[in-house]
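Novice: Let me begin by handing over the structure; questions about it come next.
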Amino acid sequence: MNLSELAGKEIVNIVTGERLGVIGECDLIIDEKSGGILALSIPRERGFFGIKKDKVDLEIPWRNIKKIGNDMIIIEYDGVY
0 MNLSELAGKE IVNIVTGERL GVIGECDLII DEKSGGILAL SIPRERGFFG
50 IKKDKVDLEI PWRNIKKIGN DMIIIEYDGV Y
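In this text, residue positions in the sequence shown follow numbering that gives the first Met the number 0: the first is 0, and each later residue adds one.
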């Protein structure tokens, strides 16, 4: 699969049913030696009623990806966001 084929796919957590983002808004963490993908880095915003939002990245190891479909990527992640 080419990197361009991942663009635009939604990322959904099978554990919570939550939509985490879209590939394109996320970064891929790549092993410089092998060229393999190590993880997805998904930007998350945390705040209280929209006040003082902190940018936090959620890093999902590539092994947590369970299925890449036509429109979405299903992950299994039970960690705390």
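Beta carbons: idealized from backbone N, C-alpha and C, even for Gly.
1. Going by Cα to Cα distance, which pick from Glu75, Asp70, Asn69, Gly68 is closest to Ile59?
2. Hey, quick one: how far does the alpha helix (DSSP H) through Glu4 stretch, first residue to last?
3. Helix, strand or coil, according to DSSP, for Asn12 in the structure here?
4. Within 7 Å: the Cβ of Gly68 and any heavy atom of the ligand PLP?
5. Cα-Cα, which of Arg18, Leu5, Thr15 is closest to Asp26?
6. Please tell me whether Gly34 and Ile22 are closer than 8 Å, where the distance is taken between their beta carbons.
7. Spatial neighbours of Asn12 within its chain, please: C-beta separation below 7 Å, excluding the five flanking residues on both sides.
Specialist: Reading it off the structure:
1. The candidate whose alpha carbon is nearest that of Ile59 is Glu75.
2. For Glu4, the uninterrupted alpha helix (DSSP H) segment begins and ends at 2-5.
3. Note: Asn12 maps to strand in three-state DSSP.
4. This structure lacks the ligand PLP; in fact it carries no ligand of any kind.
5. The shortest C-alpha separation from Asp26 is found at Leu5.
6. For Gly34 and Ile22, no; Cβs fall outside 8 Å.
7. Closer than 7 Å at Cβ, skipping near neighbours: Leu19, Ile74, Tyr76.
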